[in-house]
Amino acid sequence: MGRGIMKPFTVHFGTMGSAKTALLLMKNYNYAVDKGKEVLLLKPSLDNRSKKGFIESRVGIESKALEIDKKTNIIELIESLENKPEFIMVDEIQFFSSKQIIQLKDLTILDENPITVDVYGLKNNFKGNLFGEEDGSMATAFSLATHLDPVNCLCACGNDAHNVARFNPETWEIQKIGEEIKVGGNESYVSLCYRCFKEDYIPRSTRIALIKDAISKNINPIKKEELEKQYSIENELYLEEEIDYLRNQIEKNEAKILELRAKSNNHK
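In the working numbering, the protein residues as written are 78 to 345.
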């Protein structure tokens with residue numbers, strides 16, 4: 078005789094800017110609006126980048142969510158709800174405690190009406206380690222997952238970005254020492270491939286994009302002028318690098334042509 082149904086516990090993980098939150102919100106729309114399912118969205122109260130009581134994506138979509146602090150017992154919270162969810166979707170799972178992640182997993186094996194759980198978050202911290210160095214939050218999530226879904230995005234150099242780097246926006250210096258959690262500081266984080274992360278290198282095109290974004294959001298005229306000067310300098314350096322790269326490619330191609338011509342003449 079079976080011991081009851083167990084629902085999936087899926088961990089969707091990626092770097093910043095990989096559209097994890099957008100995927101969560103689109104899945105919520107599909108399930109809650111299109112299919113009429115009872116869906117509960119959760120977010121950590123620690124995350125102050127979105128407005129209170131909402132999950133927001135950079136692409137401009139949002140939905141209401143319950144905010145959870147690290148003292149919340151999630152099983153007791155679900156038991157207190159009049160309308161029990163069929164699905165739970167959690168944003169920024171790396172900010173939840175290991176104990177809460179275990180509680181989410183336990184919701185998938187309830188004797189009555191087990192719940193499907195999808196969680197979304199960062200795999201690594203800015204040091205290159207699994208997020209949750211003190212509490213082991215992401216290690217717990219990965220160990221309990223029935224499905225793992227990597228959400229990929231690109232580094233500016235063209236490789237897949239699997240690392241999140243923290244940097245000083247004044248000097249572009251990558252930082253790998255400090256407190257793990259620094260909420261609300263998107264301007265000082267960037268997603269990089271392992272090579273760029275290992276070499277402490279932020280591609281010039283990424284710097285330009287970050288400065289351009291900062292200009293669009295800054296209302297301080299003095300700071301805006303400083304950013305515009307910085308943008309001009311970085312853009313000029315970027316163009317010089319591109320010209321040097323193209324020049325090197327031309328020289329390599331010319332050398333290859335001469336080599337092929339020499340081989341052709343030897344066969345005549």
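Here a beta-carbon is modelled for each residue, glycine too, at the ideal position from N, C-alpha and C.
Could you tell me how far apart the beta carbons of Gln307 and Ile279 are, in whole angstroms, since I believe they sit closer than 8 Å?
In fact, because the Cβ distance is near 13 Å, the residues do not count as touching under 8 Å.
Is Leu119 helix, strand or coil by DSSP?
strand
Can you find the residues in the same chain that come closer than 8 Å, C-beta to C-beta, to Met78, ignoring five residues on each side of it along the sequence?
With a pLDDT of only 45 at Met78, under the threshold of 50, the placement of this residue in the model should not be trusted, and no figure is reported.
One or two residues paired with Asp167 in a DSSP bridge
Inspection of the sequence shows that residue 167 is occupied by Val rather than by Asp. Paired residue(s): Leu119, Val196.
Is it right to say Leu225 is buried, meaning 16 or more other beta carbons lie within 10 angstroms of its own, or is it exposed?
exposed
For Ala96 and chain B, any beta-carbon pair shorter than 9 Å?
In summary, chain B is missing from the structure at hand, where a single protein chain is found.
C-alpha gap between Arg135 and Pro227, whole angstroms:
In a straight line, the C-alpha of Arg135 is about 19 Å away from that of Pro227.
According to DSSP, simplified to helix, strand and coil, what is Leu187?
coil
Cβ-based neighbour list, Ser127, same chain, cut-off 8 Å, excluding 5 preceding and 5 following
Lys120, Glu133, Glu139
Going by Cα to Cα distance, which pick from Ser175, Phe173, Asn206, Glu163 is closest to Leu193?
Per the sequence presented here, residue 193 reads as Thr, with Leu not at that position. Closest by alpha carbon: Glu163.
Under the rule that 16 or more other beta-carbon atoms within 10 Å means buried, what is Asn342, buried or exposed?
So Asn342 counts as exposed.
With DSSP collapsed to three states, give me the class of Phe208.
coil
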